[in-house]
Amino acid sequence: MTSAELRSLFLRFFEERGHTIVPSSPLIPAHDPTLLFTNAGMVQFKDTFLGREERPYRRAASAQRCVRAGGKHNDLENVGYTARHHTFFEMLGNFSFGDYFKREAIHYAWDFLTRVLGLPPERLWITVYDQDTEAETVWLKEVRVDPARFSRIGTKDNFWSMGDTGPCGPCSEIFYDHGEGIPGGPPGTPEADGDRYVEIWNLVFMQYDRTPDGTLTPLPKPSVDTGMGLERIAAVVQGVHSNYQTDLFRALLEAAAGLAGLDHTDHSSLRVLADHIRACAFLITDGVLPSNEGRGYVLRRIIRRAIRHGYKLGIREVFFYRLVAPLCQEMGAAYPELSAARATVERVLRQEEERFAETLEQGMRILESQLQGLSGGTIPGEIVFQLYDTYGFPVDLTADIAREHGLTADLVGFERAMAAQRERARAASQFGIDHSQDLAVAARCEFTGYTHLVEDTEIVALLKDGRPVERLGAGESGAVLLSKTPFYGESGGQVGDRGTLRSGESLFEVRDTQKRGGEAILHLGRVVRGEFTLGAPCRAEVDRAARQATALNHSATHLLHAALRQVLGGHVVQKGSLVEPERLRFDFAHFEPLSTEQLEAVERLVNRQIRANHPVRAEILPREEALAAGAMALFGEKYGEEVRVLRIGDFSTELCGGTHVEQSGDIGLFKIVGEAGVAAGVRRIEAVTGEAALTWVEAGERLLHTLGERVKAGRDTLDDKIQQLLERNRALEKEVDRLRSKLASASGTDLAAQALDIGGVKVLAARVEETDPKALRDLVDQLRNKLGSAAVVLGAVRDGKVSLVAGVTQDQIGRIKAGDLVNAVAAQVGGKGGGRPDLAQAGGTDPSRLGAALQSVPDWVRRALQ
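Residue numbers (the UniProt record's numbering): 1 to 866.
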């Protein structure tokens with residue numbers, strides 16, 4: 001039975017028993033900041049187990065892709081060394097949400113294994129939580145499992161939780177006995193860590209919700225969450241002991257062996273490559289890109305670990321991305337999104353490997369030299385830190401290599417060195433943080449700014465230097481809190497509103513608006529005249545022009561996000577934004593700079609939506625309904641049970657609390673003015689809209705007109721005219737080079753006469769007139785050719801800096817190295833340099849010592865020839 005057939009058979013079995021087949025969710029858990037990755041089949045049902053979400057079904061089954069490479073569940077370090085650990089795996093699961101419980105779950109599992117798959121009951125071993133008498137009764141009295149193959153186990157192994165908090169409960173595990181030829185004892189015995197008895201199915205009986213303080217609260221409806229690893233059950237069904245011997249890995253191992261030039265697949269590093277390509281490809285497919293933090297850092301660790309194992313196999317060229325094609329062939333049918341993202345996955349992996357290649361080569365050399373001189377069984381923490389801090393060599397790779405040499409890495413010492421570095425950085429920092437406005441504000445404020453820009457309201461609190469006061473007088477700065485306000489407090493990337501507050505004849509200039517504590521909105525600014533007192537009536541008026549300009553930019557940001565996903569791919573997700581009256585800035589996940597063609601395509605697409613004049617609608621919906629309708633949300637953002645959904649026609653749907661235009665046509669014009677990288681895997685686009693965009697275009701028109709006038713060309717002929725000027729300039733540069741060469745040749749003839757004969761070698765060291773480095777190199781070449789067997793050093797001073805070039809003829813580089821020679825001279829003028837044995841160059845900062853330095857060359861050559 002193939003793994004694909006096994007996957008289908010499992011889902012069909014439970015579908016026939018009233019379960020709804022639910023597709024695998026992405027590897028990034030939706031709106032759950034407690035998890036790095038989806039690490040179990042139940043993750044997408046977490047809110048259902050907690051009673052926060054209602055589903056149209058009470059039974060479900062799925063084949064869920066999972067990653068365990070960070071957080072509580074982390075199998076990364078074991079991959080490659082065991083037969084069953086993986087960073088990526090598929091979890092077959094069936095679930096009950098307050099429907100059936102322990103009895104039915106146990107019978108379903110036993111029936112599938114023994115009747116459908118035909119596994120012999122005498123090879124199946126059962127464990128239960130030692131306090132779960134209900135499950136014990138079902139196994140022993142109803143299923144009639146042999147008590148000799150039944151164990152009661154404590155909390156450590158048989159009480160399951162997804163993380164430190166959340167749904168949890170006792171579980172019952174089913175093990176398969178792979179036979180007497182494999183070492184290891186039954187579950188619950190001291191020898192249980194062996195490979196003979198392998199857990200294949202875990203039946204979790206969800207009864208509790210664990211809070212951060214460890215309290216167990218009974219769930220509203222006891223539920224069932226089961227998980228059976230496809231890789232493990234495939235090994236059983238296909239009659240092999242190792243997961244890597246199944247059809248899930250066979251093609252990947254053969255492809256990896258081919259890249260390494262091996263005629264076999266039995267190598268731990270090949271297993272690492274086969275495992276890691278699955279995790280990396282699916283993570284990238286689900287929108288994760290390599291970076292130095294969070295999920296992106298875990299992905300980078302996995303990629304670099306794979307590259308290191310390729311290096312260990314002797315592979316020196318870029319190779320890892322080539323495993324994507326065989327992976328798509330193996331799993332593309334079950335997961336079409338993988339095949340659709342193939343080109344993106346390959347490009348990301350290739351770029352990351354190219355970026356890491358030099359670091360790996362350098363780090364391996366340094367580590368190997370350290371290992372040779374090591375006494376004892378531990379790599380000191382200082383060396384681990386040096387490799388990490390100076391050479392960028394990942395700590396986990398150092399630990400991995402240490403393990404292969406039978407050593408350990410002193411990670412405690414590494415952490416001490418890291419802590420010392422952080423302390424040095426803190427001590428060197430001259431920056432402070434102003435906490436004056438971090439006062440916990442209890443006052444609530446109703447925001448009316450979606451429909452009003454002017455509001456009659458009341459002053460409910462005044463702050464000065466972060467502390468409550470009764471009044472603010474003329475010239476004093478502080479914060480005003482109102483009972484209701486049209487001012488938007490900075491959030492979601494949109495800056496706070498500006499404007500004025502009036503209380504009678506008194507005037508307060510609002511320079512910024514900030515949210516505090518979720519409910520309070522602080523109007524920050526200065527009293528221009530009069531005084532503001534607690535409880536006084538107040539008229540709040542937003543700066544209409546600034547608000548409108550901000551709204552144009554915010555709505556354009558939504559259009560930009562949708563356009564980027566359409567042009568570049570679904571991996572594009574927002575990583576940050578800034579929306580202010582003057583411009584917009586949008587950061588997004590992408591792995592390379594955008595081409596001119598891509599930027600033009602994005603800009604055209606946004607402007608097309610503007611011209612379409614779509615209605616911009618906002619509505620409040622239940623969160624799950626909004627997400628099911630396709631609304632985009634930012635991971636890590638906290639959303640309530642009800643959310644504000646912003647739709648721009650059918651082109652963009654996002655969760656957003658900001659202020660926007662009424663029609664997309666209000667934006668007028670969208671113009672990209674900059675694109676750049678801001679971090680690994682993160683790009684930034686800056687753009688302008690409306691009046692600012694028109695001003696930018698007009699400035700460009702003026703520039704074109706000015707250039708045209710200067711080169712005597714119209715708009716239509718300007719490009720041709722500039723091309724002609726560039727070609728003419730290149731021709732003139734060539735002529736200048738020719739004349740310089742001619743002058744250098746004449747000069748070289750004169751200089752050649754100054755050469756000294758030292759042991760049969762012509763030695764020349766001279767200062768020449770101010771010239772550029774290329775002309776200096778050409779002159780050295782000419783002199784070498786004239787002198788035959790020679791060593792030449794020429795120096796020049798330009799803009800107060802010394803330039804040096806040394807050349808040695810091929811017959812003498814065994815005795816005289818140009819790099820050593822030029823550095824001996826450069827050291828005397830405050831510089832250094834380097835190059836090839838036959839030609840090297842250097843710089844210096846002290847022209848006054850050039851003459852003496854050049855005079856030292858003959859003696860230096862004499863010593864070198866001895």
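Backbone N, C-alpha and C define an ideal beta-carbon position, used for all residues, glycine too.
Next item on the list: Would you decide whether L253 is buried or exposed? Buried here means 16 or more other CB atoms lie within 10 Å of its CB.
Entry: Taking the sequence shown and counting its residues from 1, the one referred to as residue 253 is at position 253. By the neighbour-count rule (16 or more Cβ atoms within 10 Å), L253 is buried.
Report the three-state DSSP secondary structure of F319 (helix, strand or coil).
-> As a first step, residue 319 is located in the sequence shown; it is residue number 319 there, counting from the start. In the three-state DSSP reduction, F319 falls in the coil class, being neither helix nor strand.
Using the Cα positions of residue 868 and R498, report the straight-line distance between them to the nearest angstrom. Any property of residue 868 remains undetermined from this structure, which presents the chain solely from 1 to 866.
Taking DSSP as the reference, what is the three-state secondary structure of F97?
Indexing the sequence shown from 1 puts residue 97 at position 97. In the structure shown, the three-state DSSP call for F97 is coil.
Review point. What is the DSSP secondary structure of F487, reduced to helix, strand or coil?
Key: Counted from its first residue, the sequence shown places residue 487 at position 487. In the three-state reduction of the DSSP assignment, F487 falls in the coil class.
Is it buried or exposed, V272, if we count other Cβ atoms within 10 angstroms and call 16 or more buried?
For this step, residue 272 is matched to residue 272 along the sequence shown. By the C-beta density criterion, V272 is buried, having at least 16 other C-beta atoms within 10 angstroms.
### Query
Can you name, in chain order, every residue of its own chain whose Cβ lies under 6 Å from the Cβ of E353, other than the five neighbours on each side?
Counting from 1 along the sequence shown, the entry for residue 353 is found at position 353. Contacts found: I307, V318, F320.
Q | Burial state of Y450 (16 or more Cβ within 10 Å) | A | By one-based count along the sequence shown, residue 450 stands at place 450. Y450 comes out exposed.
Leaving out five residues before and five after Q329 in sequence, what residues of the same chain have Cβ atoms less than 8 Å from its Cβ?
Working through the sequence shown from its first residue, we reach residue 329 at position 329. Cβ neighbours of Q329 beyond the five flanking positions: A251.
Original post:
In the DSSP assignment, what residue or residues form a beta bridge with V805?
Top reply: Here residue 805 refers to the residue found at position 805 of the sequence shown. The partner list for V805 (beta bridge, DSSP) reads L794, Q841.
State whether the region 230–237 contacts the region 203–218, with contact taken as three or more CB pairs (one from each stretch) at a distance under 8 Å. In short, these stretches do not touch, since the Cβ pair count stays below three.
Among L584, D275, W125, A731, the one whose alpha carbon lies nearest that of P186: Looking up residue 186 in the sequence shown gives position 186. The shortest Cα separation from P186 among L584, D275, W125, A731 belongs to W125.
message: If the criterion is Cβ atoms closer than 9 Å, does the pair L850 and G843 meet it?
response: What you label residue 850 is simply residue 850 of the sequence shown in a count that begins at 1. What you label residue 843 is simply residue 843 of the sequence shown in a count that begins at 1. Judged by beta-carbon spacing, G843 lies beyond the 9 Å limit of L850, meaning their Cβ atoms are not closer than that value.
My assumption, with CB atoms under 8 Å, is that V298 sits in contact with L36. Please give the rounded CB distance.
Locating residue 298 in the sequence shown gives position 298, where the first residue counts as 1. Locating residue 36 in the sequence shown gives position 36, where the first residue counts as 1. At roughly 6 Å, the Cβ-Cβ gap stays under 8 Å, so V298 and L36 are in contact.
Counting only the same chain and skipping the five closest in sequence on each side, list residues whose C-beta sits under 7 Å from that of R84.
-> Indexing the sequence shown from 1 puts residue 84 at position 84. Excluding five sequence positions before and after R84, the CB atoms of its chain that fall closer than 7 Å to its own CB belong to V198, R232, N243, given in chain order.
### Query
Taking buried to mean at least 16 other C-beta atoms within 10 Å of its own C-beta, is L501 buried or exposed?
For the purposes of this step, residue 501 is identified with residue 501 of the sequence shown, where counting begins at 1. Looking at its Cβ environment, which holds 16 or more other Cβ atoms inside 10 Å, L501 is buried.
Exercise. Could you give the distance in angstroms between the alpha-carbon of T659 and the alpha-carbon of A589?
Worked result: On the sequence shown, residue 659 is found 659 positions in, with the first residue counted as 1. On the sequence shown, residue 589 is found 589 positions in, with the first residue counted as 1. The straight-line gap from Cα to Cα measures roughly 24 Å.
**Message:** Tell me which residues share the same chain as R583 and place their Cβ nearer than 8 Å to its Cβ, disregarding the 5 neighbours each side in the sequence.
**Reply:** Locating residue 583 in the sequence shown gives position 583, counting from the first residue. These residues qualify, in order along the chain: N553, V673, E686, A687, V688, A692.
Legend entry - Cβ pair G807, V780 closer than 9 Å: Position 807 of the sequence shown, counting from 1, holds the residue named residue 807. Position 780 of the sequence shown, counting from 1, holds the residue named residue 780. Contact flag set, yes.
(Q) Nearest by alpha-carbon distance to R836: which of P847, Q828, N823, E191 is it? (A) Taking the sequence shown and counting its residues from 1, one reaches residue 836 at position 836. For R836, the closest alpha carbon among the candidates P847, Q828, N823, E191 is that of N823.
Which residues in the same chain as V495 place their Cβ atom closer than 6 Å to its Cβ, once the five residues preceding and following it in sequence are excluded? Along the sequence shown, one-based indexing puts residue 495 at 495. By the criterion of a C-beta distance shorter than 6 Å, V495 is surrounded in its chain by E580, once the five residues flanking it on both sides are discounted.
Rounding to the nearest angstrom, what Cα-Cα distance links Q841 and A409 in this structure? For the purposes of this step, residue 841 is taken as residue 841 along the sequence shown, with counting starting at 1. For the purposes of this step, residue 409 is taken as residue 409 along the sequence shown, with counting starting at 1. So the alpha carbons of these two residues sit roughly 42 Å apart.
| field | Coarse secondary structure for Q372, derived from DSSP in three states | value | For the purposes of this step, residue 372 is taken as the residue at position 372 of the sequence shown. Q372 falls in the helix class under three-state DSSP.
field: Helix, strand or coil at M632 according to DSSP, with G and I counted as helix
entry: Reading the sequence shown from its first residue, position 632 is the one you call residue 632. Strand.
- Item | Boundaries (first-last residue) of the alpha helix (DSSP H) holding G310 | Position 310 of the sequence shown, counted from the first residue, corresponds to residue 310. Where G310 is concerned, the enclosing alpha helix (DSSP H) stretches over 294–312.
Please report the straight-line C-alpha distance between V542 and E505, rounded to a whole angstrom.
Here residue 542 is taken as the residue at index 542 of the sequence shown, counted from 1. Here residue 505 is taken as the residue at index 505 of the sequence shown, counted from 1. Per the coordinates, the alpha-carbon of V542 lies some 18 Å from the alpha-carbon of E505.
Which residues mark the beginning and the end of the alpha helix (DSSP H) in which N553 is found? In the sequence shown, counting from the first residue as 1, residue 553 sits at position 553. 544–568 is the span of the alpha helix (DSSP H), which, as asked, contains N553.
Proximity of V711 and S664 at Cβ, strictly below 9 Å
On the sequence shown, residue 711 is found 711 positions in, with the first residue counted as 1. On the sequence shown, residue 664 is found 664 positions in, with the first residue counted as 1. V711 is not a Cβ neighbour of S664, given a cutoff of 9 Å.
message: Any beta carbon of chain B sitting closer than 9 Å to that of P26?
response: The question asks about chain B, but that chain is absent: this structure has only one protein chain.
**Prompt:** Hey, out of Q207, L732, E180, D146, whose CA is closest to G166's CA?
**Reply:** Residue 166 sits at position 166 when you count from the first residue of the sequence shown. Ranking the options by Cα distance to G166, first place goes to Q207.
Notebook entry, point to check: Among all the DSSP beta bridges, which residues are the ones paired with E90?
Noted result: Within the sequence shown, residue 90 is the residue found at index 90, counting from 1. DSSP lists R65 as partners of E90.
Report task. Please determine if the region 706–721 and the region 590–597 are in contact, where contact requires at least 3 C-beta pairs separated by less than 8 Å. Result -> No contact exists between the region 706–721 and the region 590–597.
- Task: Out of G759, A765, K832, state which residue places its alpha-carbon closest to the alpha-carbon of R862.
- Result: Against the sequence shown, residue 862 aligns to sequence position 862. The residue among G759, A765, K832 with its C-alpha nearest the C-alpha of R862 is G759.
Margin query: Check whether the region 717–730 and the region 788–802 touch, using three or more Cβ-Cβ pairs below 8 Å as the test.
Written below: Contact between the region 717–730 and the region 788–802 is absent, because fewer than three Cβ pairs lie under 8 Å.
Residue burial classification, D286 (beta-carbon count within 10 angstroms, cutoff 16): Mapped onto the sequence shown, residue 286 falls at position 286. By the 16-neighbour rule on beta-carbons within 10 angstroms, D286 is buried.
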